[in-house]
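Undergrad:
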Amino acid sequence: MKTDTNATVNTGPRALRTRRKPEVLSPAGNLRGLKTAVDFGADAVYCGGKAFGMRSAPKNLSLEDFEEGARYAHERGARVYVTLNVLPRNAEVEAMREYIGQLKDTGIDAMIVTDIGVMMMAHQIAPDVELHVSTQAGVTNYGAAQALYEFGARRVVLAREMDLQAVRDIRARIPDDMDIECFVHGAMCMAFSGRCLFSNYLTGRDGNHGECAQPCRWKYSIVEEKRPGQYFPIEQTEEGAYLFNSQDMCMLDHIDDLIDSGATSLKIEGRSKSAYYIAAMTNAYKIAVNEYMVQRGFEDASGAVLKPFRDRVIREGDPDYAESITVVPDAIERNADRAFAGVPGGDMGLEFGGDAGANAGDAGSGKISPLASLGRDGTSEEAPGQDSKNEDAPGQDGKSANADGRDGKGANNAAAVEDAAARSAGGSQLDDLSYRARSARRKSNTAEEVLPEGWHHAKVRPAEPVALPDWLLEEPDKVAHRDYSTGFYYPEHKVTQNTNRSAYFRAWMVVGEVLDWTPDEGGRVTLMSRNKIEAGQEIEFLLPGERPFAYTVPAGGFRDAEGHWVEAINNPAHVFSMPCPHPVPHNAAIRSRTRKPTLKAE
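Residue numbers (this note's numbering): 8 to 609.
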C-alpha cells in the first residue's frame, strides 16, 4: 500500500492536511482510469461526474463510482477531486445544488469549481469538502487567490498563461496552507484559461460545458475579400504563430523549477485519455517528484523523511527576506512578465527592459529547452541557439539578445529614459496610476524605474538543478502527443502552434495488458492482447514506480486461452500467455515501438 503523503490532521474545510511533498494529480474519465492512476502513484485523481464537468467525451463517473473510487483511493493514501467547473446557466442552478448534495456523501475529498455562486453553494451544502478553484476562473494574481481563500477555497488552479515568476510571486503572498495547482503535462488551449466560444460558434458544441469540438486544431487558410477562391494557409514563421493548434505541454524536465517556485500540486491533463496514458504519465511524474525529494534532501532513497518539505520561495518575514531584495535576479526573474506580452513597443511609445547584459539562455534552471533535448516532434533537433553562434537568449537565430528578448537592441529606449528622468524630477509623462498600470504590461518590468514602490518579485533560494535519468525523460514520447513545449512558464520558450500537423504523433503502441503473472515454468505472463506480438519483438512492461522492464520475446512460448501452442499473438481482445521471467503486476501495460510512427491518439 502506498504511503499517505498528505495525511489529514483533522476534519472540516480549514482543519487541513499537513503537506509532506508535492502532489501528483492525475486525470480519470472513468472508474478504471481512477484506479489505474492510484496504482501508478497518483497522490490524487480528478474526475467528472455525469453532469457539470468540463469534459463530456469520457463516460465519467456515477455516484456509485465515486463511492467505490474514493474508498479505493483512501485505502492507498490517495484522494479524489470532482470537477464542477462549468459556467452554469440559470436553468442549471437548482440541478447543481441537488448534485452537490448528492456528491457530499460519496466520500470525495474536494470539488473543483469556477463559478462564485457554485462555490458559495458548495461551501454551504458540503462544508467538510475542500473547495478548489478551477483554472477556468483565470486566477492570475495573489489578490484574487487571497480573496478566494477568504471565501473558503483551499486551492487555486492558476491560469495556464502564468510564467514561473508569477507562480513565485503568488506563492510568496498567500497563506502557506493554500495550495497552488499548476498544469505540467497535456493539451494546451488557444483560449485564455480555457474560456472559449469558438466551438460553440462553429459547431453548436459548448466548450464551457465540456463539449468542445476542438476547432482550434483544424487546419485553416484565409481568403482576402477581393480575391475569392485564393486560399492562403496560416503558417508558422520565425516569429511564431499563437492562434491555433497549440503544442502540448511537457514540464517533466523542469519539475524542479516549478516546485521550487511554489507549486504544490502538479496536474496532468487528459480525462479523455486512455488508461495507458494515465499510467505512463502518472508514473513518470511521480518518479520525477520522488527524485526531486531525494536530490533536494527531503527524503532518502527509500522514501523516509529527512526534513519537512518546503519550496524555495522567500516570503516576507523570512530571515533572508531583506537580503533577497538586493539579490541579483536569476534567469526566471530576468525573463519575467512577458507571458502575456505581444509585439514589443506599443503603448505611447514607451518600452522598458531589464538587465541588458543578462544571460537568459538557461531557461531558469541551467537546462536547455526540453524540446531540444528530446527532439519531441519526432525529429532530431538541436537546442535553440546551440548552433555555435554567439547569443544570450535562446531561439534568436544566433543574434546577441538581451534579457528582454530583442535582437541586440538596447532595452531602455529614449522614451523610457526620458520618462524615468521626468519621474525622478517629480513629474511624469503619465499620471502615477496610469504609469504603473502600463508599465506592468512591458516585455519586462524588472527595471527599477518601472516598479511601483514597495513591490519586488519574489526571490527563490538557489539550488542545483535536479537531474532526471534519460529513460524517464523519454517517457512522454511513448504516449500519443502533439509537439511538446513548456507552455507559458518560460516566456523565452513560448508555446507555439503546429501548422503542419494537427493530429497526434505516436511512435509506441500498447500491445497487451497483464492479467496475471506466475513463477511457474521460469515465469509466465497471461495477457489480454491489443496488437500483434511475435518472436524476437522488443517490448516493454510499464511498471509502477520503476524503470520499464525491456524484454525480447522468445520464440516458441505462446499459448492461447485453452493452453494450446500458437505461433504468435495476433488476435486482439483475446487471452494469451507467454514466457516472462520478471514479475509484473496485474493491469501493467505492455508496449512496443510502431514499425512506422502514426498520427493517431490513444
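Don't be surprised by glycine CBs; every beta carbon is placed ideally from N, CA and C.
Just reading off the alpha helix (DSSP H) that Glu-71 is part of, what are its end residues?
TA: Within the sequence shown, numbered from 1, the residue matching residue 71 stands at position 64. Here the alpha helix (DSSP H) through Glu-71 covers 70–82.
Undergrad: Rounded to the nearest angstrom, what separates Ser-33 and Tyr-284 at their Cα positions?
TA: For the purposes of this step, residue 33 is taken as residue 26 along the sequence shown, with counting starting at 1. For the purposes of this step, residue 284 is taken as residue 277 along the sequence shown, with counting starting at 1. Looking at the backbone, the Cα of Ser-33 and that of Tyr-284 are separated by about 10 Å.
Undergrad: In this structure, does DSSP put His-130 in helix, strand or coil?
TA: Translated into the one-based positions of the sequence shown, residue 130 becomes position 123. Helix.
Undergrad: Contact defined as beta carbons within less than 8 Å: I believe Glu-137 pairs with Asp-116. What is the distance between those atoms, to the nearest angstrom?
TA: Indexing the sequence shown from 1 puts residue 137 at position 130. Indexing the sequence shown from 1 puts residue 116 at position 109. Sure, about 6 Å apart at Cβ, within 8 Å.
Undergrad: When the Cα of Arg-162 is compared with those of Glu-168, Tyr-149, Leu-171 and Asp-170, which residue comes out closest?
TA: Counting from 1 along the sequence shown, the entry for residue 162 is found at position 155. Closest by alpha carbon: Tyr-149.
Undergrad: Could you work out which residue in Lys-539, Gly-159 and Leu-110 is closest to Met-127 when comparing CA atoms only?
TA: Taking the sequence shown and counting its residues from 1, the one referred to as residue 127 is at position 120. Met-127 has its Cα closest to that of Gly-159, out of Lys-539, Gly-159 and Leu-110.
Undergrad: Within the continuous alpha helix (DSSP H) that includes Val-174, where are the two ends?
TA: Numbered from its first residue, the sequence shown carries residue 174 at position 167. 171–179 is the extent of the alpha helix (DSSP H) around Val-174.
Undergrad: Closer than 7 Å by C-beta to Tyr-299: which residues in its own chain qualify, once you throw out the five before and the five after it? Chain order, please.
TA: Within the sequence shown, residue 299 is the residue found at index 292, counting from 1. The answer, listed in chain order, is Ile-262, Asp-263, Ile-266 and Val-473.
Undergrad: On a CA-only basis, which of Arg-180, His-130 and Val-100 is nearest Ala-151? Give me that one, please.
TA: Here residue 151 is taken as the residue at index 144 of the sequence shown, counted from 1. Among Arg-180, His-130 and Val-100, the Cα nearest to that of Ala-151 is on Arg-180.
Undergrad: From the DSSP output, in three-state form, read off Tyr-497 for me.
TA: If you number the sequence shown from 1, residue 497 lands on position 490. Here Tyr-497 sits in coil by DSSP.
Undergrad: Leaving out the 5 sequence neighbours to the left and right, which residues in its chain are closer than 7 Å to Ala-144 when beta-carbon positions are compared?
TA: Looking up residue 144 in the sequence shown gives position 137. Thr-121.
Undergrad: Can you say whether Thr-113 is buried or exposed, counting buried as having 16 or more other CB atoms within 10 angstroms of its CB?
TA: One-based indexing of the sequence shown puts residue 113 at position 106. Looking at its Cβ environment, which holds 16 or more other Cβ atoms inside 10 Å, Thr-113 is buried.
Undergrad: Alpha carbon to alpha carbon, how far is Met-195 from Ala-562?
TA: Residue mapping note: residue 195 aligns to position 188 of the sequence shown, counting from 1. Residue mapping note: residue 562 aligns to position 555 of the sequence shown, counting from 1. For Met-195 and Ala-562, the distance between alpha carbons rounds to 44 Å.
Undergrad: Taking the straight line between their C-alpha atoms, what separation do you get for Leu-259 and Gln-153?
TA: In the sequence shown, residue 259 corresponds to position 252, counting from 1. In the sequence shown, residue 153 corresponds to position 146, counting from 1. Distance between the alpha carbons of Leu-259 and Gln-153: 29 Å.
Undergrad: Under three-state DSSP, which class holds Lys-274?
TA: Stepping through the sequence shown from its first residue, residue 274 is reached at position 267. In the structure shown, Lys-274 sits in a strand (DSSP, three-state: E or B).
Undergrad: Could you pull the DSSP bridge partners for Pro-34 from this structure?
TA: The residue labelled residue 34 in the question sits at position 27 within the sequence shown. For Pro-34, which the question treats as bridged, DSSP gives the partners Tyr-53.
Undergrad: Tell me, please, whether the segment 170–185 touches the segment 303–323 by the rule of three or more beta-carbon pairs shorter than 8 Å.
TA: yes
Undergrad: Output the boundary residues of the beta strand (DSSP E) element that contains Arg-104.
TA: Counting from one through the sequence shown, the residue named residue 104 turns up at place 97. No beta strand (DSSP E) contains Arg-104, which is instead part of the alpha helix (DSSP H) from 100–110.
Undergrad: What are the boundary residues of the beta strand (DSSP E) that Glu-545 is part of?
TA: Position 538 of the sequence shown, counted from the first residue, corresponds to residue 545. First-last of the beta strand (DSSP E) with Glu-545: 545–548.
Undergrad: How would you write the range of the beta strand (DSSP E) that Val-163 sits in, first residue to last?
TA: As a first step, residue 163 must be located in the sequence shown, where it is residue number 156. 162–164 is the span of the beta strand (DSSP E), which, as asked, contains Val-163.
Undergrad: Given a threshold of 16 other Cβ atoms within 10 Å of its Cβ, counted over all protein chains shown, does Lys-274 qualify as buried or as exposed?
TA: Translated into the one-based positions of the sequence shown, residue 274 becomes position 267. Label assigned to Lys-274: buried.
Undergrad: Using a Cβ-Cβ cut-off of 6 Å (strictly less than) and excluding sequence neighbours within five positions of Trp-478, which residues of its own chain qualify?
TA: In the sequence shown, the residue the question calls residue 478 occupies position 471. Once the five neighbours on either side are set aside, the close Cβ partners of Trp-478 are Arg-554.
Undergrad: In whole angstroms, what is the alpha-carbon distance linking Ala-604 and Gln-302?
TA: In the sequence shown, residue 604 corresponds to position 597, counting from 1. In the sequence shown, residue 302 corresponds to position 295, counting from 1. Inspection of the sequence shows that residue 604 is occupied by Pro rather than by Ala. Taking the straight line joining both Cα atoms gives about 36 Å.
Undergrad: Identify, in the order they occur along the chain, each residue of the same chain with its Cβ nearer than 7 Å to the Cβ of Ala-295, setting aside the five sequence neighbours on each side.
TA: Counting from one through the sequence shown, the residue named residue 295 turns up at place 288. Counting only Cβ-Cβ distances below 7 Å, and skipping sequence neighbours, we find Leu-259, Ile-262, Leu-475 and Leu-479.
Undergrad: Reducing DSSP to helix, strand and coil, say where Lys-603 ends up.
TA: Along the sequence shown, one-based indexing puts residue 603 at 596. Correct three-state label for Lys-603: strand.
Undergrad: Excluding five sequence neighbours on each side, which residues of the same chain lie with their C-beta closer than 6 Å to the C-beta of Asp-384?
TA: As a working mapping, residue 384 is identified with position 377 in the sequence shown. Low confidence applies to Asp-384: its pLDDT is 39, below 50, so where it sits in the model is not reliable enough to give any reading.
Undergrad: Going by C-alpha distance, which of Ala-85, Phe-190, Leu-110 and Ile-187 is nearest Ala-58?
TA: Mapped onto the sequence shown, residue 58 falls at position 51. Answer by Cα proximity: Leu-110.
Undergrad: By Cβ distance below 8 Å, which residues in the same chain neighbour Arg-104 in space, the five residues on each side in sequence not counted?
TA: Walking along the sequence shown from the start, residue 104 turns up at place 97. Same-chain partners within the cutoff: Met-128 and Ile-132.
Undergrad: Alpha carbons only, please: which of Tyr-328, Lys-314, Val-467 and Met-256 is nearest the one belonging to Ile-339?
TA: The sequence position of residue 339 within the sequence shown is 332, counting from 1. When each option's Cα is compared against that of Ile-339, the closest is Val-467.
Undergrad: So which of Ala-568, Pro-134, Thr-533 and Cys-587 has the shortest CA-CA distance to Ala-557?
TA: The residue given as residue 557 occupies position 550 in the sequence shown. Out of Ala-568, Pro-134, Thr-533 and Cys-587, Cys-587 has the C-alpha closest to the C-alpha of Ala-557.
Undergrad: Checking 9 Å against the spacing of the C-beta atoms, do Cys-189 and Leu-155 come in under that value?
TA: Position 182 of the sequence shown, counted from the first residue, corresponds to residue 189. Position 148 of the sequence shown, counted from the first residue, corresponds to residue 155. Not closer than 9 Å, so no.
Undergrad: Who pairs with Asp-255 in a beta bridge, going by DSSP?
TA: Numbered from 1 along the sequence shown, position 248 holds the residue referred to as residue 255. Looking at the DSSP assignment, Asp-255 forms a beta bridge with Tyr-491.
Undergrad: Following the continuous beta strand (DSSP E) through Thr-533, name the residue where it begins and the one where it ends.
TA: To locate residue 533, count along the sequence shown from 1; it is residue 526. Residues 531–536.
Undergrad: Comparing alpha-carbon positions, which option in Asp-523, His-464, Met-288 and Gly-529 lies nearest Met-256?
TA: Taking the first residue of the sequence shown as position 1, residue 256 is located at position 249. For the residues Asp-523, His-464, Met-288 and Gly-529, the minimum Cα distance to Met-256 belongs to Met-288.
Undergrad: Below 6 Å CB to CB, which residues in the same chain sit around Ala-465 once its five sequence neighbours on both sides are set aside?
TA: If you number the sequence shown from 1, residue 465 lands on position 458. Within its own chain, the residues whose Cβ lies closer than 6 Å to the Cβ of Ala-465, once the five positions on either side in sequence are excluded, are Arg-175, Asp-176, Ala-179 and Val-320, listed in chain order.
Undergrad: Flag this pair as touching only if the segment 571–587 and the segment 530–537 have three or more C-beta atom pairs under 8 Å; answer yes or no.
TA: yes
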